[in-house]
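Here is the structure we will look at.
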Amino acid sequence: MDVLQYLSPLITNLVKYFIFAGVPFLIFYKLYPNTFSKGKIQSRWAKKKDFIREILHSIQMIFISTVLVVAILKSPLKDYTLFYNTKSDYSIWWVPISVLLALIVHDSYFYWMHRTIHHPRLYKKVHFLHHKSINPSPWASYSFHFIEAVFESMFIVILLFFIPMSKISLLLFGLCAFSINVYGHLGYEIAPKWFRNSFLFEFINSSVYHNMHHSKFIGNYGLYFRFWDRLMKTEHPDYIKEYDKIQKIRFHLKED
Ligand SMILES: [Zn+2]
Ligand SMILES: [Zn+2]
């Protein structure tokens, strides 16, 4: 095994994590917490030891997922994947379509995996670590127990073997997925005012949505969409109430 071929993607993914989670952390937690205070979802603040735990476990997750991708794409297994080079038979339009498809499939994978690890036995041994962040910060986005990190990374197998993706589609999917993940763990609601009354609100997740999963421990298992939670009746019954409470504070709306 050539260790060097793992080094460059590992460094790239670490840099991606520290930029995409670090910049929002710097803005919302260090530089301008007062500017965004109206959108703060929970009133208490997470502690420094929470940030350190979240960062260390996120580094572990990045290590596991990168090793898995490189092990597949740099081995003869690559021939069995649907991974394609940019100059290919696939139209340029397949790039955004495949990224959207990957997000939809990932949401379904995540929902069912997430519900599985909420089974009391797995929760105690595996998923409890992610839930140590009762008030999550952007650093918590990849903060998983080793076993959960393996489960989370296994989605890459589905992605490479079942959806034709190029290098650019993988990159775009990774950036979209991680940005939404950071938004879910931001600790602040930042969605624009119009979002609440648009059709998007009906099926897309918000920061309040995933934050409630961390503060209430049950309900709101979806990653990007509300689809599975609504279908399986696992959405937290107070979600709309909580969202509207913060919406009123953020935009100085009058009580009904
Ligand atoms: Zn959970
Ligand atoms: Zn979370």
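Just remember that the numbering used here sits 47 ahead of the position in the sequence shown, which is counted from 1.
C-beta atoms are modelled at their ideal positions from N, C-alpha and C, and glycine is treated no differently.
Q: Following the continuous alpha helix (DSSP H) through R277, name the residue where it begins and the one where it ends.
A: For the purposes of this step, residue 277 is taken as the residue at position 230 of the sequence shown. DSSP places R277 in the uninterrupted alpha helix (DSSP H) bounded by 274–278.
Q: Name the one or two DSSP bridge partners that Y230 has.
A: Translated into positions along the sequence shown, residue 230 becomes position 183. According to DSSP, Y230 bridges with nothing at all.
Q: With a 10 Å radius around its C-beta and 16 neighbouring C-beta atoms as the bar for buried, classify Y304 as buried or exposed.
A: Given that the chain is displayed from residue 48 to residue 303, the structure contains no residue 304 and the question cannot be resolved.
Q. Does the Cβ-Cβ distance between Y64 and G234 come in under 9 Å?
A. As a working mapping, residue 64 is identified with position 17 in the sequence shown. As a working mapping, residue 234 is identified with position 187 in the sequence shown. Taking C-beta atoms as the reference points, Y64 and G234 fail to come closer than 9 Å.
Q) Near Q52, which residues of its chain fall below 7 Å by C-beta distance, leaving aside the five closest residues on each side in sequence? A) If you number the sequence shown from 1, residue 52 lands on position 5. Once the five neighbours on either side are set aside, the close Cβ partners of Q52 are V117, K121.
Q) Which class does I210 belong to by DSSP, given the choice of helix, strand or coil? A) Here residue 210 refers to the residue found at position 163 of the sequence shown. In the structure shown, the three-state DSSP call for I210 is coil.
Q: Take I119 as the anchor and find which of V204, M259, P71, F193 has the nearest alpha-carbon.
A: Looking up residue 119 in the sequence shown gives position 72. Distance from the Cα of I119 is smallest, within the candidate group V204, M259, P71, F193, for V204.
Q) Between the C-alpha atoms of T128 and S135, what's the straight-line distance to the nearest angstrom? A) For this step, residue 128 is matched to residue 81 along the sequence shown. For this step, residue 135 is matched to residue 88 along the sequence shown. Spanning the alpha carbons of T128 and S135 requires a straight line of approximately 15 Å.
Q | Start-to-end residues for the alpha helix (DSSP H) that takes in Y64 | A | Within the sequence shown, residue 64 is the residue found at index 17, counting from 1. For Y64, the uninterrupted alpha helix (DSSP H) run begins and ends at 51–67, by DSSP.
Q) Are the beta-carbon atoms of L270 and D126 separated by less than 9 Å? A) Locating residue 270 in the sequence shown gives position 223, where the first residue counts as 1. Locating residue 126 in the sequence shown gives position 79, where the first residue counts as 1. No, they are not a contact pair.
Q: Tell me whether H161 counts as near ligand 1, meaning its Cβ is closer than 8 Å to at least one heavy atom of that ligand.
A: In the sequence shown, counting from the first residue as 1, residue 161 sits at position 114. True, at least one ligand heavy atom lies under 8 Å from that Cβ.
Q | Spatial distance of H299 from D49 (CA atoms) | A | Stepping through the sequence shown from its first residue, residue 299 is reached at position 252. Stepping through the sequence shown from its first residue, residue 49 is reached at position 2. For H299 and D49, the distance between alpha carbons rounds to 58 Å.
Q.
Are the CB atoms of E101 and S184 within a distance shorter than 9 Å?
A. Here the question's residue 184 lines up with position 137 in the sequence shown. Here the question's residue 101 lines up with position 54 in the sequence shown. Between S184 and E101, the C-beta spacing is below 9 Å.
Q. Start and end of the alpha helix (DSSP H) containing A196?
A. Stepping through the sequence shown from its first residue, residue 196 is reached at position 149. Residues 193–200.
Q) Quick one: what does DSSP say Y76 is sitting in, helix, strand or coil? A) Within the sequence shown, the letter at position 29 stands for residue 76. Three-state result, Y76: helix.
Q) If you compare alpha carbons, which of W186, F264, R297, F246 is closest to S226? A) Reading the sequence shown from its first residue, position 179 is the one you call residue 226. Scanning W186, F264, R297, F246 for the CA closest to the CA of S226 turns up W186.
Q: Could you give the DSSP three-state label for I251: helix, strand or coil?
A: For the purposes of this step, residue 251 is taken as residue 204 along the sequence shown, with counting starting at 1. Under the three-state reduction of DSSP output, I251 falls in the strand class.
Q: Buried or exposed for H166, please, with buried defined as at least 16 other CB atoms from any protein chain shown within 10 angstroms of its CB.
A: Start at 1 with the first residue of the sequence shown, and residue 166 comes out as number 119. By the neighbour-count rule (16 or more Cβ atoms within 10 Å), H166 is not buried but exposed.
(Q) Can you tell me whether F264 sits near ligand 4, meaning its C-beta is under 8 Å from at least one heavy atom of the ligand? (A) Of the ligands this structure carries, namely ligand 1 and ligand 2, none is ligand 4.
**Q.** Boundaries of the alpha helix (DSSP H) in which W141 is found, first to last residue
**A.** To locate residue 141, count along the sequence shown from 1; it is residue 94. Here the alpha helix (DSSP H) through W141 covers 141–163.
Q: Would you mind working out which of K240, I151, L61 sits nearest F110, comparing C-alpha positions?
A: Against the sequence shown, residue 110 aligns to sequence position 63. If we check each option's Cα against that of F110, L61 comes out closest.
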